[in-house]
Structure formats: C-alpha cells, structure tokens
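Visitor: Sharing a structure, written as structure tokens. Questions coming.
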Amino acid sequence: MHNTYRLLDSGNFEKLEQVGPFRIIRPSPQAVWKPSQPKLWGKVDAHFKRFAGGDGKWNIENPNLKKPWLIEYGGLNLQIEITDFGHLGLFPEQRMNWQRIRNLCHQGSTDGEEFHVLNLFAYTGGSSLAAAQGGAQVAHVDASKTSVAWARLNADVNELTTAPIRWLTDDVQKFVAREIRRNRLYKGIILDPPTFGRG
Numbered sequence: 001m002h003n004t005y006r007l008l009d010s011g012n013f014e015k016l017e018q019v020g021p022f023r024i025i026r027p028s029p030q031a032v033w034k035p036s037q038p039k040l041w042g043k044v045d046a047h048f049k050r051f052a053g054g055d056g057k058w059n060i061e062n063p064n065l066k067k068p069w070l071i072e073y074g075g076l077n078l079q080i081e082i083t084d085f086g087h088l089g090l091f092p093e094q095r096m097n098w099q100r101i102r103n104l105c106h107q108g109s110t111d112g113e114e115f116h117v118l119n120l121f122a123y124t125g126g127s128s129l130a131a132a133q134g135g136a137q138v139a140h141v142d143a144s145k146t147s148v149a150w151a152r153l154n155a156d157v158n159e160l161t162t163a164p165i166r167w168l169t170d171d172v173q174k175f176v177a178r179e180i181r182r183n184r185l186y187k188g189i190i191l192d193p194p195t196f197g198r199g
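Under our numbering, residues 1 to 199 are what the sequence shown spells out, in order.
If you want it as structure tokens, here you go:
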C-alpha cells in the first residue's frame, strides 16, 4: 500500500522512510552501520539534516511536501506534516503499542464500567485515538497547543470527533497534581515523555 509508512533502510546515522507518496531521509543516531540498499537512497523528496547544536534544516526537493498529507498506519488515519524539528507528527515505532492500547481498552470497557485513560505528553494523539477506538474515555494532555490541535485533526480524520476525549493543553506535572487533589482515578496511564521539552 502506497498510503502508509514504511522504513526502507537505515545506515550512516540516517533512516530512509516512505511516508505515503513521499520518500524522506531523517537522522537516526543509532544507525551506526552502512545502508543495506544504497540504490534506494538516490532520489528522495526531502532530507532533514541536523546540526551540531541540535537545530536542523529540511532540504525539500518536492514542493508538495510543504502541505500536510494523510496516511493510514497502525489502524489510524494520520495527518503528516514536516516540522522545523525534523518530526512528522508520527512515531512509527508506536504502532504495536497502539494495538495493545486498543485491545486493553476494549477488554476493560466491556465490563459495563467506564474505562478512563490518561495520556500524558500525548503529542498528535495516536495513543489517545487508539484508546478511544477501544472504547475508553480519554484525557489527552500535552503542553503544546499545536500538538493538541493536530491531535484533534487526527480525531476528525478518524471519525472520532465525538469520541469521549478531553483535549487538554496543560503542563503535565501541574495537571497530574490537580487530578490527585481531585481524587480522579484512571484505569490506564500512557506516559511517553520527550527526551527534552517543557510540560
């Protein structure tokens, strides 16, 4: 399927990805080996280079990459967009986690009780949407207004606009402290903090 995500190859501290119709190269510090399929690396739509200070820059060969596009991945429709940090709004390694979240929420919500899930550092919402697909009531928390808005767009393209998801732009530590004071309980907590970031 062309409208999905595939890791095509990796090596020389980079990864070659097919993201829907676009072929992209991004940094991958763990890929210390040589690429196994060097011929695939020749023609790409975009290449993100990271600089020593942590910043980076996209070299875009295909102008269509400047607009968001949709892919289907891991049972979800996702809006993809290149960001200044070299991100795409998707961490593809989470696919198996989404299926597990979906299954656990389905099992937990079939006993007739409400199954509440707290997703912290929730980013663009893959885990929140998987939990909602499984029947959970979700609190989606991220400090970034942009990420929360992106997650809501992802809910729209998955026909989950009316799903029981609370979209919260908040500092995670402050939000959790308030939830403890309120004695609010969750049956599931998803916690995947960024390496560095606020809230």
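We treat Cβ as the ideally placed atom computed from N, Cα and C, and that holds for glycine.
Is the segment 76-95 touching the segment 104-120 in the sense that three or more CB pairs, one from each, lie closer than 8 Å?
Guide: When Cβ pairs closer than 8 Å are counted between the two stretches, the segment 104-120 is seen not to touch the segment 76-95, the count staying below three.
Visitor: Can you tell me the Cα-Cα spacing of Gly135 and Val141, whole angstroms?
Guide: On the sequence shown, residue 135 is found 135 positions in, with the first residue counted as 1. On the sequence shown, residue 141 is found 141 positions in, with the first residue counted as 1. Straight-line Cα distance between these residues: approximately 18 Å.
Visitor: Straight-line CA distance for His99 to Asn64?
Guide: Here residue 99 corresponds to residue number 99 of the sequence shown, with the count starting at 1. Here residue 64 corresponds to residue number 64 of the sequence shown, with the count starting at 1. A small correction: the amino acid at residue 99 is Gln; His does not occupy that position in the sequence shown. Per the coordinates, the alpha-carbon of Gln99 lies some 31 Å from the alpha-carbon of Asn64.
Visitor: Three-state secondary structure (DSSP) at Asp192?
Guide: Indexing the sequence shown from 1 puts residue 192 at position 192. For Asp192, the secondary structure class from DSSP, reduced to helix, strand or coil, is coil.
Visitor: Alpha carbon to alpha carbon, what distance is there between Leu118 and Gly199?
Guide: On the sequence shown, position 199 is the one that residue 199 refers to. On the sequence shown, position 118 is the one that residue 118 refers to. Any reading at Gly199 must be qualified, since the residue scores a pLDDT of 47, below 50, and its modelled position is unreliable; the value itself is stated next. Cα to Cα, the separation comes out at about 15 Å.
Visitor: With DSSP as the reference, label Leu129 as helix, strand or coil.
Guide: If you number the sequence shown from 1, residue 129 lands on position 129. Helix, per DSSP.
Visitor: Residues in its own chain within less than 7 Å of Glu61 by CB, not counting five upstream and five downstream?
Guide: In the sequence shown, the residue the question calls residue 61 occupies position 61. Val44, Asp45, Ala46.
Visitor: Along the chain, where does the alpha helix (DSSP H) that runs through Phe175 open and close?
Guide: As a working note, residue 175 is residue 175 in the sequence shown. Start and end: 172-181.
Visitor: For Gly54, count neighbouring C-beta atoms within 10 Å of its own C-beta (all shown protein chains included) and say buried if the count is 16 or more, exposed if not.
Guide: Taking the sequence shown and counting its residues from 1, the one referred to as residue 54 is at position 54. Gly54 should be labelled exposed.
Visitor: Do we get a CB-CB distance below 8 Å when we pair Asp142 with the residues of chain D?
Guide: Checking the listed chains, one finds no chain D in this structure; it contains a single protein chain.
Visitor: Please look up how many angstroms separate the CB atoms of Ile165 and Val148, rounded, as I've assumed it's under 8 Å.
Guide: Looking up residue 165 in the sequence shown gives position 165. Looking up residue 148 in the sequence shown gives position 148. Not confirmed; about 10 Å, so no contact.
Visitor: Could you check where the alpha helix (DSSP H) with Gly108 kicks off and where it finishes?
Guide: Within the sequence shown, the letter at position 108 stands for residue 108. Gly108 -> alpha helix (DSSP H) spans 95-109.
Visitor: Let me know the beta strand (DSSP E) ranges lying completely inside the segment 52-87, each 3 residues or longer, listed in chain order.
Guide: 56-60, 69-73, 76-80
Visitor: Please name the residue or residues paired with Thr169 in a DSSP beta bridge.
Guide: Sequence index remark: in the sequence shown, residue 169 carries index 169 (1-based). The beta-bridge partner set that DSSP reports for Thr169 consists of Asp142.
Visitor: Please report the residue range of the beta strand (DSSP E) in which Asp45 lies.
Guide: Here the question's residue 45 lines up with position 45 in the sequence shown. Element bounds for Asp45: n/a, residue is neither H nor E.
Visitor: How would you write the range of the beta strand (DSSP E) that Glu134 sits in, first residue to last?
Guide: Within the sequence shown, numbered from 1, the residue matching residue 134 stands at position 134. Looking at the sequence shown, residue 134 is not Glu but Gly. Looking at the DSSP string, Gly134 is not in any beta strand (DSSP E), and its letter there is neither H nor E.
Visitor: Starting from the C-beta of Arg6, find all residues in its chain whose C-beta is less than 6 Å away, skip the five residues before and the five after it, and write them out in chain order.
Guide: For this step, residue 6 is matched to residue 6 along the sequence shown. These residues qualify, in order along the chain: Gln18.
Visitor: For Leu118, name the three-state secondary structure that DSSP assigns.
Guide: The residue given as residue 118 occupies position 118 in the sequence shown. The answer is strand: DSSP assigns Leu118 an E or B state.
Visitor: Can you check DSSP and say which residues form a bridge with Pro27?
Guide: Position 27 of the sequence shown holds residue 27. According to DSSP, which records beta bridges pairwise, Pro27 is partnered with Glu14.
Visitor: Report the CB separation of Leu191 from Leu120 in whole angstroms; it is logged as a contact under 8 Å.
Guide: As a first step, residue 191 is located in the sequence shown; it is residue number 191 there, counting from the start. As a first step, residue 120 is located in the sequence shown; it is residue number 120 there, counting from the start. The Cβ separation is near 5 Å, so the contact holds.
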